[in-house]
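Trainee: In the working numbering, the protein residues as written are 603 to 768. Below: one structure in structure tokens.
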């Protein structure tokens with residue numbers, strides 16, 4: 603793994619993508635000096651306020667029960683394991699799943715990209731111009747639900763090699 607992939611910001615970026623696709627609604631964000639504030643509505647309408655301190659490498663989690671109004675506050679180290687634990691509390695959908703399974707999102711993104719490249723090659727051969735803008739928009743929308751790491755794994759090496767040769 604590269605240093606970037608081990609960084610706390612990379613962990614949190616992947617975690618945010620994961621909990622959003624698993625059903626937690628991110629309704630507010632703010633960032634200051636080395637501190638990121640996130641507010642989610644999770645499972646059973648519980649409110650989760652997450653303060654990520656990148657300098658100290660810790661997480662302050664505040665959970666508010668919508669029925670009783672009881673607020674629970676926890677201080678945790680900023681680790682992948684703790685982020686996974688918070689995700690389990692927040693989300694009713696298991697890790698690696700979304701409204702549709704992650705593998706399906708990745709496969710659809712690859713298919714969209716392949717279709718777009720095929721149309722572009724046919725246009726080049728026949729000397730015509732067909733727009734693939736809608737396919738590009740669909741692919742971009744699908745990729746929005748993939749973590750940066752998953753996006754790298756779904757980049758089709760055959761298609762990227764062809765792009766470099768042109």
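Each residue gets a CB set at the ideal place from its N, CA and C atoms; glycine is no exception.
1) Helix or strand or just coil, what does DSSP make of residue 628?
2) So, residue 688 versus residue 658, is the Cβ gap smaller than 9 Å?
3) If you reduce the DSSP assignment to three classes, tell me which class residue 716 lands in.
4) Which whole-angstrom value is the C-beta distance of residue 619 and residue 749, which I expect to be below 8 Å?
5) What is the DSSP secondary structure of residue 743, counted as helix, strand or coil?
6) May I ask you to report which of helix, strand or coil DSSP gives residue 648?
7) Ignoring anything shorter than 4 residues or poking outside the stretch 633–713, list the alpha helix (DSSP H) runs there in chain order.
8) Would you decide whether residue 610 is buried or exposed? Buried here means 16 or more other CB atoms lie within 10 Å of its CB.
Mentor: In short, the structure shows the following:
1) Here residue 628 sits in strand by DSSP.
2) no
3) helix
4) 5 Å
5) helix
6) In the structure shown, residue 648 adopts coil according to DSSP, grouped into three states.
7) 682–692
8) Label assigned to residue 610: buried.
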